[in-house]
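Peer 1: Following this message is one structure expressed as structure tokens.
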Amino acid sequence: MEIVMAFVCGFLFMAAVYLILSRSLLRIIIGTGLLSHGAHLLILTMGGLGGESPPVLADGVTDYADPLPQALILTAIVISFGVTAFFLVLAYRAYQELGTDDTSLMKGSDEDD
Amino acid sequence: MINFLLIPILIPFFMGMILMFCQKHVGLQRFLSLITLLAASVVSFFVMLKVQADGIQTVTFGGWPAPFGITMVADGMSTLLVFTTFVLSLFIVWYGFESIGVGREKHFYYPGLMFILTGITGAFTTGDIFNLFVFFEVLLMSSYLLLVLGGEKKQLRESIKYILVNVVSSALFVITVAYLYSVVGTLSMADISVKIADIGQPGIITTIAVLFLMVFGLKAAIFPLYFWLPSSYAAAPIPVLALFGALLTKVGVYAIARTYTLFFVHDLSFTHELLLVLSVLTIAAGCIGALATFNAIQIIIYNIVIAVGVILYGVAQMNEVALEGAMFYLVHDMIIKAALFMLVGLVIYVSGTANLRKMGGLIKEYPVLGWFYLIAAFGLAGIPPLSGFVGKLLIVQGGFAAENIWSSLFILASSLLVLLSVIRIFLYAFWGEPGVRQKINPKSYRQMLVPTVLLVVISIAYGVGSEWVAPFMDTAAKALMDPGIYVDAVMKGGE
Numbered sequence: 001m002e003i004v005m006a007f008v009c010g011f012l013f014m015a016a017v018y019l020i021l022s023r024s025l026l027r028i029i030i031g032t033g034l035l036s037h038g039a040h041l042l043i044l045t046m047g048g049l050g051g052e053s054p055p056v057l058a059d060g061v062t063d064y065a066d067p068l069p070q071a072l073i074l075t076a077i078v079i080s081f082g083v084t085a086f087f088l089v090l091a092y093r094a095y096q097e098l099g100t101d102d103t104s105l106m107k108g109s110d111e112d113d
Numbered sequence: 114m115i116n117f118l119l120i121p122i123l124i125p126f127f128m129g130m131i132l133m134f135c136q137k138h139v140g141l142q143r144f145l146s147l148i149t150l151l152a153a154s155v156v157s158f159f160v161m162l163k164v165q166a167d168g169i170q171t172v173t174f175g176g177w178p179a180p181f182g183i184t185m186v187a188d189g190m191s192t193l194l195v196f197t198t199f200v201l202s203l204f205i206v207w208y209g210f211e212s213i214g215v216g217r218e219k220h221f222y223y224p225g226l227m228f229i230l231t232g233i234t235g236a237f238t239t240g241d242i243f244n245l246f247v248f249f250e251v252l253l254m255s256s257y258l259l260l261v262l263g264g265e266k267k268q269l270r271e272s273i274k275y276i277l278v279n280v281v282s283s284a285l286f287v288i289t290v291a292y293l294y295s296v297v298g299t300l301s302m303a304d305i306s307v308k309i310a311d312i313g314q315p316g317i318i319t320t321i322a323v324l325f326l327m328v329f330g331l332k333a334a335i336f337p338l339y340f341w342l343p344s345s346y347a348a349a350p351i352p353v354l355a356l357f358g359a360l361l362t363k364v365g366v367y368a369i370a371r372t373y374t375l376f377f378v379h380d381l382s383f384t385h386e387l388l389l390v391l392s393v394l395t396i397a398a399g400c401i402g403a404l405a406t407f408n409a410i411q412i413i414i415y416n417i418v419i420a421v422g423v424i425l426y427g428v429a430q431m432n433e434v435a436l437e438g439a440m441f442y443l444v445h446d447m448i449i450k451a452a453l454f455m456l457v458g459l460v461i462y463v464s465g466t467a468n469l470r471k472m473g474g475l476i477k478e479y480p481v482l483g484w485f486y487l488i489a490a491f492g493l494a495g496i497p498p499l500s501g502f503v504g505k506l507l508i509v510q511g512g513f514a515a516e517n518i519w520s521s522l523f524i525l526a527s528s529l530l531v532l533l534s535v536i537r538i539f540l541y542a543f544w545g546e547p548g549v550r551q552k553i554n555p556k557s558y559r560q561m562l563v564p565t566v567l568l569v570v571i572s573i574a575y576g577v578g579s580e581w582v583a584p585f586m587d588t589a590a591k592a593l594m595d596p597g598i599y600v601d602a603v604m605k606g607g608e
């Protein structure tokens with residue numbers, strides 16, 4: 001099961017890199033979303049997939065799932081949600097001000113030359 | 114369980130929330146921010162004294178025993194940096210009253226500042242690797258706000274790149290923590306240190322070490338990963354730039370210093386050698402950038418990169434002298450960078466341009482600014498008895514002790530290039546024929562000059578009085594050199 005998850009993560013990273021390397025801002029933002037999804041799945045896999053065993057450790061229970069990765073993912077999801085929301089608003093504002101969403105037209109600074 | 118060490122983090126956190134409700138009352142916001150920063154400086158000073166007297170202080174949340182709960186750890190290095198952070202931000206906020214603009218002040222500039230300070234001090238204090246990620250995100254979110262606040266075209270354009278770089282680096286951080294967790298099965302930094310020592314750092318841990326170097330190197334702007342820094346920072350207004358330049362990259366440096374002294378100390382010939390090579394390349398790249406540009410702001414920004422290289426060179430030596438030097442230089446650089454950005458901000462304010470070719474002859478009209486700039490420039494280059502000298506001396510001493518003769522000589526030689534790069538601003542802006550001028554308000558010029566001059570005086574005092582701060586540096590370096598001290602303090606504190 002872990003090996004399948006590894007491939008899924010790898011595929012997500014591949015798609016994310018492809019999207020981030022494109023010129024359109026919206027694609028880049030979707031790419032960052034996929035990147036964080038890949039990272040979250042990776043945490044889940046790295047904690048070990050517990051199967052059906054319960055995430056608690058009581059007397060007499062020897063086979064238990066690790067609950068910590070879920071807590072980490074929850075935190076990371078909330079953070080990436082906030083960052084993505086901010087990024088979308090910023091991209092919209094930049095589109096209004098700069099009149100383009102093409103990153104190749106956004107390079108350099110105007111006064112250093 | 115002593116909650117005292119949490120107070121410096123909680124003060125700006127709660128104040129940030131309160132300030133959000135005083136949005137339109139600029140005077141009140143200014144007053145409250147100053148009072149808050151003053152209080153936080155005083156409290157963090159006492160925390161520093163307590164750590165110096167009683168050893169490392171820890172708090173583990175939620176009543177969990179030590180390796181399981183999230184631990185906050187105040188050791189020599191972190192308390193020193195927290196104290197410096199608050200003192201600097203006090204001066205930067207004071208300077209900002211006249212230069213940041215009422216528009217920004219009415220749109221959450223002060224709450225943003227408070228939250229970025231929460232993130233920075235939290236990142237310095239936390240003893241849990243995932244909690245470090247969370248505090249990094251807190252400070253990054255606030256830095257996005259501060260960078261884009263004002264909504265100028267330049268700011269919007271550069272913010273997009275800045276956010277993208279940091280989102281990618283955050284994802285990489287999460288991935289690296291996941292790898293580390295899968296190998297050692299713990300997130301407490303003290304416990305990670307013990308577990309890695311137990312298994313003797315196999316290849317996979319060394320790979321994780323390099324991944325951490327990439328993650329923190331992106332924030333700290335080390336050699337191949339500093340590409341985003343010059344243009345992003347140049348978009349920020351001067352007080353924000355001073356804050357970022359003095360504090361943000363230093364959080365990355367702190368994280369590298371922490372992980373490379375606490376976790377990855379069993380394969381020095383690879384990890385620390387890599388760090389050494391990268392730090393030397395960082396200095397070289399920074400020098401080239403600083404000498405190549407005619408933009409006064411860019412020169413100081415490239416000097417951030419150089420300083421990061423020098424500090425990490427000290428960390429890479431992994432002996433007590435060099436680590437003490439790195440601590441000295443880290444605090445020195447925080448102070449002097451803030452001061453230099455404020456000085457250059459004033460130069461730009463009076464001349465109306467950042468282009469050195471158009472400036473000139475300022476020394477006749479603004480002698481105080483000129484001479485204090487010269488002192489700060491000498492301090493940056495490390496001319497004795499100013500503040501950069503002791504740190505660089507100890508770092509190079511440590512370099513010789515670790516038998517890295519050539520790279521140590523390179524560090525010494527780079528000081529001359531640093532001096533040349535900042536003296537160029539003095540030559541172009543203050544000497545020569547009078548250049549362009551902007552009509553200024555003498556009152557606001559004076560109000561910006563006072564905190565700037567005071568900060569330069571602090572940097573002189575830091576250099577001349579290094580004998581008095583040496584015990585603090587010594588404690589910090591000792592705790593860095595011996596992970597056992599840190600581990601014992603955390604494990605004992607949980608009982």
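Chain order of the listed sequences is A and B.
Mapping of the first sequence onto this note's numbering: position 81 corresponds to residue 81, and the numbering continues sequentially without gaps.
Going from the second sequence to this note's numbering is simple: count from 1 and add 113.
For each residue, glycine too, the CB sits at the ideal point set by N, CA and C.
Looking at chain A, is there any beta carbon in it that lies within less than 8 Å of the beta carbon of Ser301 of chain B?
Peer 2: Locating residue 301 of chain B in the second sequence gives position 188, counting from the first residue. Not one chain A Cβ lies under 8 Å of Ser301 of chain B.
Peer 1: What residues in the stretch 38-62 of chain A bring their beta carbon closer than 9 Å to a beta carbon of chain B?
Peer 2: If the cut-off is 9 Å between Cβ atoms, the stretch 38-62 of chain A has Gly38, Ala39, His40, Leu42, Ile43, Leu44, Thr45, Met46, Gly47 and Gly48 near chain B.
Peer 1: According to DSSP, simplified to helix, strand and coil, what is Ala58 of chain A?
Peer 2: Indexing the first sequence from 1 puts residue 58 of chain A at position 58. Note: Ala58 of chain A maps to coil in three-state DSSP.
Peer 1: Please classify Asp131 of chain A: does DSSP put it in a helix, a strand, or coil?
Peer 2: There is no way to answer for residue 131 of chain A, as the model of chain A reaches only from 1 to 113.
Peer 1: Output needed in chain order: residues of the stretch 85-101 of chain A with a Cβ under 8 Å from some Cβ in chain B.
Peer 2: Residues Phe86, Phe87, Leu90, Ala91, Arg93, Ala94, Glu97 and Leu98.
Peer 1: Flag this pair as yes or no: are the beta carbons of Phe407 of chain B and Leu469 of chain B separated by less than 8 Å?
Peer 2: Taking the second sequence and counting its residues from 1, one reaches residue 407 of chain B at position 294. Taking the second sequence and counting its residues from 1, one reaches residue 469 of chain B at position 356. In contact: Phe407 of chain B and Leu469 of chain B (Cβ atoms closer than 8 Å).
Peer 1: Below 9 Å between beta carbons is the criterion; list the residues of the stretch 261-287 of chain B that meet it against any residue of chain A, in chain order.
Peer 2: Flagged, chain order: Val261, Gly264, Glu265, Lys266, Lys267, Leu269, Arg270, Glu271, Ser272, Ile273, Lys274, Ile276, Leu277, Asn279, Val280, Val281, Ser283, Ala284, Leu285, Phe286 and Val287.
Peer 1: At least one CB of chain A closer than 8 Å to the CB of Tyr257 of chain B: is that the case?
Peer 2: Start at 1 with the first residue of the second sequence, and residue 257 of chain B comes out as number 144. Output row for Tyr257 of chain B: interface = yes.
Peer 1: Consider the Cβ of Ile28 of chain A: report whether some Cβ of chain B lies at a distance smaller than 8 Å.
Peer 2: The sequence position of residue 28 of chain A within the first sequence is 28, counting from 1. Cβ-Cβ to chain B under 8 Å: yes for Ile28 of chain A.
Peer 1: Tell me which residue opens and which closes the beta strand (DSSP E) that Ile184 of chain B is part of.
Peer 2: Walking along the second sequence from the start, residue 184 of chain B turns up at place 71. For clarity, residue 184 of chain B is Thr in the given sequence; the question names Ile instead. First-last of the beta strand (DSSP E) with Thr184 of chain B: Thr184 to Ala187.
Peer 1: May I ask which residues mark the beginning and end of the alpha helix (DSSP H) holding Gln560 of chain B?
Peer 2: The count along the second sequence starts at 1 and reaches residue 560 of chain B at position 447. Looking at the DSSP string, the run of the alpha helix (DSSP H) that includes Gln560 of chain B is Pro555 to Val577.
Peer 1: Answer with yes or no whether the minimum CB distance from Val323 of chain B to chain A is below 8 Å.
Peer 2: Looking up residue 323 of chain B in the second sequence gives position 210. Not an interface residue.
Peer 1: Using C-beta distances below 7 Å, list every residue in its chain close to Phe248 of chain B, excluding the 5 sequence neighbours before and after it, in chain order.
Peer 2: On the second sequence, position 135 is the one that residue 248 of chain B refers to. Answer for Phe248 of chain B: Gly232, Gly235, Ala236 and Thr239, listed in chain order.
Peer 1: Hey, how far is the Cα of Gly225 of chain B from the Cα of Val563 of chain B?
Peer 2: Position 112 of the second sequence, counted from the start, is the residue given in the question as residue 225 of chain B. Position 450 of the second sequence, counted from the start, is the residue given in the question as residue 563 of chain B. Cα to Cα, the separation comes out at about 24 Å.
Peer 1: Check whether the Cβ of Ile79 of chain A lies closer than 8 Å to any Cβ atom in chain B.
Peer 2: Your numbering for residue 79 of chain A matches position 79 in the first sequence. Closer than 8 Å to some Cβ of chain B, the Cβ of Ile79 of chain A qualifies, so yes.
Peer 1: Determine the closest residue to Leu68 of chain A out of B:Thr299, B:Ile419, B:Ala359 and B:Leu253, with distance taken between C-alpha atoms.
Peer 2: As a position in the first sequence, residue 68 of chain A is number 68, starting the count at 1. Closest option to Leu68 of chain A, Cα to Cα, is B:Thr299.
Peer 1: Beta strand (DSSP E) containing Thr171 of chain B: first to last residue?
Peer 2: Indexing the second sequence from 1 puts residue 171 of chain B at position 58. Gln170 to Thr173 is the span of the beta strand (DSSP E), which, as asked, contains Thr171 of chain B.
Peer 1: Sort out for me which residues DSSP pairs Ser24 of chain A with in a bridge.
Peer 2: Position 24 of the first sequence, counting from 1, holds the residue named residue 24 of chain A. Paired residues: A:Asp102.
Peer 1: Starting from Phe249 of chain B, follow the alpha helix (DSSP H) in both directions and report where the run begins and ends.
Peer 2: Within the second sequence, the letter at position 136 stands for residue 249 of chain B. Start and end: Ile242 to Val261.
Peer 1: Just the Cα atoms here: how many angstroms apart are Leu331 of chain B and Val418 of chain B?
Peer 2: Counting from 1 along the second sequence, the entry for residue 331 of chain B is found at position 218. Counting from 1 along the second sequence, the entry for residue 418 of chain B is found at position 305. Distance between the alpha carbons of Leu331 of chain B and Val418 of chain B is about 11 Å.
Peer 1: Return helix, strand or coil for Asn116 of chain B, following the three-state DSSP convention.
Peer 2: Here residue 116 of chain B corresponds to residue number 3 of the second sequence, with the count starting at 1. Helix at Asn116 of chain B.
Peer 1: Restricting to Cα atoms, I'd like to know which of B:Gly264, B:Val434, B:Asn416 and B:Arg143 is closest to Phe336 of chain B.
Peer 2: The residue you call residue 336 of chain B lines up with position 223 of the second sequence. It is B:Asn416 whose Cα lies nearest to the Cα of Phe336 of chain B.
Peer 1: Quick one: any contact between the stretch 387-396 of chain B and the stretch 419-428 of chain B, if contact means 3 or more CB pairs under 8 Å?
Peer 2: Yes, since at least three Cβ pairs between the stretch 387-396 of chain B and the stretch 419-428 of chain B fall closer than 8 Å, the two stretches touch.
Peer 1: Could you tell me which of B:Met185, B:Tyr223 and B:Thr171 sits nearest to Ile148 of chain B, measuring between CA atoms?
Peer 2: The residue you call residue 148 of chain B lines up with position 35 of the second sequence. Ranking the options by Cα distance to Ile148 of chain B, first place goes to B:Tyr223.
Peer 1: According to the Cβ coordinates, are Ile448 of chain B and Ser534 of chain B closer than 8 Å?
Peer 2: Mapped onto the second sequence, residue 448 of chain B falls at position 335. Mapped onto the second sequence, residue 534 of chain B falls at position 421. For Ile448 of chain B and Ser534 of chain B, no; Cβs fall outside 8 Å.
Peer 1: Can you pull the chain B neighbours of Val83 of chain A, defined as C-beta to C-beta under 9 Å?
Peer 2: For the purposes of this step, residue 83 of chain A is taken as residue 83 along the first sequence, with counting starting at 1. Chain B residues near Val83 of chain A: Glu250, Leu253, Met254, Tyr257, Ile276, Asn279, Val280 and Ser283.
Peer 1: Kindly indicate the opening and closing residues of the alpha helix (DSSP H) around Leu530 of chain B.
Peer 2: The sequence position of residue 530 of chain B within the second sequence is 417, counting from 1. Residues Ile518 to Phe543.
Peer 1: From Leu293 of chain B to Gln411 of chain B, what does the alpha carbon distance come to, in whole angstroms?
Peer 2: As a first step, residue 293 of chain B must be located in the second sequence, where it is residue number 180. As a first step, residue 411 of chain B must be located in the second sequence, where it is residue number 298. One C-alpha to the other measures close to 37 Å.
Peer 1: Determine, for Gly607 of chain B, whether the minimum Cβ-Cβ distance to residues of chain A falls below 8 Å.
Peer 2: Your numbering for residue 607 of chain B matches position 494 in the second sequence. Its pLDDT being 48, under 50, Gly607 of chain B is placed unreliably in this model, and the value from its coordinates should be taken loosely. No, its Cβ sits nowhere closer than 8 Å to a Cβ of chain A.
Peer 1: Counting contacts by CB-CB distance shorter than 8 Å, is Tyr292 of chain B in contact with chain A?
Peer 2: Mapped onto the second sequence, residue 292 of chain B falls at position 179. Answer yes: the Cβ-Cβ gap between Tyr292 of chain B and chain A drops below 8 Å somewhere.
Peer 1: Using a C-beta cutoff of 8 Å, does Leu21 of chain A count as contacting chain B?
Peer 2: In the first sequence, counting from the first residue as 1, residue 21 of chain A sits at position 21. No - not a single Cβ of chain B is within 8 Å of the one on Leu21 of chain A.
Peer 1: Can you name the residues of chain B whose CB is closer than 7 Å to the CB of Ser36 of chain A?
Peer 2: Counted from its first residue, the first sequence places residue 36 of chain A at position 36. Per Cβ cutoff of 7 Å: Ala284.
Peer 1: Nearest-angstrom Cα distance between Gly501 of chain B and Asp595 of chain B?
Peer 2: As a first step, residue 501 of chain B must be located in the second sequence, where it is residue number 388. As a first step, residue 595 of chain B must be located in the second sequence, where it is residue number 482. Going by the C-alpha atoms only, they are around 26 Å apart.
Peer 1: Starting from Thr239 of chain B, follow its DSSP beta bridges and name the residues at the other end.
Peer 2: Taking the first residue of the second sequence as position 1, residue 239 of chain B is located at position 126. Looking at the DSSP assignment, Thr239 of chain B forms a beta bridge with B:Met185.
Peer 1: Give the residues of chain B in contact with Leu25 of chain A, contact being defined as C-beta atoms less than 8 Å apart.
Peer 2: Taking the first residue of the first sequence as 1, we reach residue 25 of chain A at position 25. Correct list: Ile273.
Peer 1: Does the Cβ of Ile518 of chain B have 16 or more other Cβ atoms within 10 Å, making it buried, or fewer, making it exposed?
Peer 2: Translated into the one-based positions of the second sequence, residue 518 of chain B becomes position 405. Under this definition Ile518 of chain B is an exposed residue.
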